[in-house]
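Numbering (full-length UniProt numbering), first residue to last: 1 to 304. These notes concern the structure reproduced below.
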């Protein structure tokens, strides 16, 4: 797969859910498990650099959410595309690896980005005894510290994407995923063309972009949004992880996960080791990997 997905020389694995859908995941290396949970509109390709750097010492597990990456991409009548469904998928996959593939029931490290935060932390709240450490990269697992008000720079774009026919057209044209690979929306330094193509490859047809659109529609802004109860409950339960070793790596030039989000994480996890990258954007692993991956490796070795 390296030719099509540069820097991704991994073995594809598949888990068949009870509903019949196949979920793609990576399972590289050995040792204590690291569970990499991506967001929208990325996939496990996001984790290629830390997996290559860490698989000699750790077991690196990185699923693609249903509808994303190399996983099956069902129509809306076959899959609900909700936060609750994502958490259930992660629970089923990790339970399968523990029951049938030698993964331990304890000592997991969660590595989360973007929507991976709500998904991963909701899973962690189901199984707090499994989670030994947290790694937090430009994500959230609590209602926005800005309250119910969407910040002005995001208000109009979010309304267009969620509420208008123009938004439907933009998703059909893959504008959301394409925009995330361009400066200044997702990255702050130019993404190489082959890398950009790899990020976009799973979303090559309109019917393969449904998950991207549904993730945006599922953003919980109000208590009556379907994902709100899960996110609110997860935020309330975060205090039980305040004593676990945690690493926060944050790109400060993220237009969505802004310094207020970072401050909220630091308030909830006061003992976390925090490293900020002033020139990095939302895809902090693309903008600052030369510094972030070694910092992550050092944290994992020092807290093992």
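Where a beta carbon is used, it is the ideal one built from N, C-alpha and C, also for glycine.
Residue nearest to residue 92 in terms of C-alpha spacing, selected from 243, 178, 77, 120: Distance from the Cα of residue 92 is smallest, within the candidate group 243, 178, 77, 120, for 120.
Give the single residue among 195, 33, 177 whose Cα lies nearest to the Cα of residue 3. 195
For the segment 35 to 42 against the segment 59 to 67, do three or more pairs of beta-carbon atoms, one drawn from each stretch, fall closer than 8 Å, so that the two count as touching? yes
Inter-residue Cα distance where the pair is residue 79 and residue 129: 29 Å
Short Cβ contact (8 Å threshold) for residue 306 with residue 242: There is simply no residue 306 to check, as the chain begins at 1 and stops at 304 in what is shown.
Taking the runs of the alpha helix (DSSP H) that are 4 residues or longer, which of them lie wholly in the segment 140 to 189? You should have 152 to 163, 165 to 172, 175 to 180.
Distance, Cα to Cα, residue 98 vs residue 90? So the alpha carbons of these two residues sit roughly 12 Å apart.
From which residue to which residue does the alpha helix (DSSP H) around residue 299 run? 289 to 302
Residue 181 vs residue 257 beta-carbon contact at 8 Å: For residue 181 and residue 257, no; Cβs fall outside 8 Å.
Restricting to runs no shorter than 3 residues, where is the beta strand (DSSP E) found entirely within the segment 204 to 253? 246 to 251
Quick one: Cα of residue 48 to Cα of residue 85, how far? 25 Å
Assuming contact is defined by CB atoms lying nearer than 8 Å, are residue 174 and residue 200 in contact in what I supplied? yes
Contact between the segment 274 to 294 and the segment 248 to 256 is defined here as three or more beta-carbon pairs at a separation below 8 Å; is this criterion met? The answer is yes - the segment 248 to 256 touches the segment 274 to 294, with three or more Cβ pairs under 8 Å.
Which whole-angstrom value describes the C-beta separation of residue 158 and residue 170, a residue pair presumed to lie in contact below a C-beta threshold of 8 Å? About 12 Å separates the two Cβ atoms, so there is no contact after all.
Quick check on residue 114: buried or exposed, where buried means 16 or more other Cβ atoms within 10 Å of its Cβ? buried
Close beta carbons around residue 59, own chain, < 6 Å, minus the five adjacent residues each side: 29, 30, 31, 33
Locate the beta strand (DSSP E) running through residue 61, then write down its first and last residues. 59 to 63
Compare the Cα-Cα distances from residue 53 to each of 303, 296, 304 and report the closest residue. That would be 296, whose Cα lies nearest to the Cα of residue 53.
Quick check: is the beta carbon of residue 35 nearer than 8 Å to any beta carbon in chain B? As a matter of chain content, chain B is missing from the structure shown, which is built from one protein chain.
For residue 178, which of 164, 165, 202 has the nearest alpha-carbon? 202
Closest to residue 144 by C-alpha separation, out of 223, 248, 208, would be which residue? 223
On the CB-based measure, 16 or more other CB atoms within 10 Å of its CB, does residue 118 come out buried or exposed? buried
Check this for me: beta carbons of residue 110 and residue 87, under 8 Å apart or not? no
Considering only the beta carbon of each residue, do residue 198 and residue 5 sit closer than 8 Å? yes
Please report the distance separating the alpha-carbon of residue 105 from that of residue 240. 18 Å
Measure the C-alpha to C-alpha separation of residue 168 and residue 67 and round it to an integer number of angstroms. 17 Å
Where do the N-terminal and C-terminal ends of the alpha helix (DSSP H) with residue 52 fall, by residue? Element bounds for residue 52: 48 to 54.
Near the ligand FMN: residue 139 beta-carbon under 7 Å from a heavy atom: Among the components of this structure there are no ligands whatsoever, and the ligand FMN is therefore not found.
With a threshold of 7 Å on Cβ separation, who are the neighbours of residue 244 within its own chain once the five nearest residues in sequence on each side are excluded? Taken in chain order, the residues that qualify are 131, 132, 133, 134.
Which class does residue 6 belong to by DSSP, given the choice of helix, strand or coil? In the structure shown, residue 6 adopts coil according to DSSP, grouped into three states.
Pull the bridge partners of residue 111 from the DSSP assignment, please. 36, 135
Under the rule that 16 or more other beta-carbon atoms within 10 Å means buried, what is residue 14, buried or exposed? exposed
Assign residue 19 to buried or exposed, taking buried as 16 or more other Cβ atoms, counted over all protein chains shown, within 10 Å of its Cβ. It is exposed - the Cβ of residue 19 has fewer than 16 other Cβ atoms within 10 Å.
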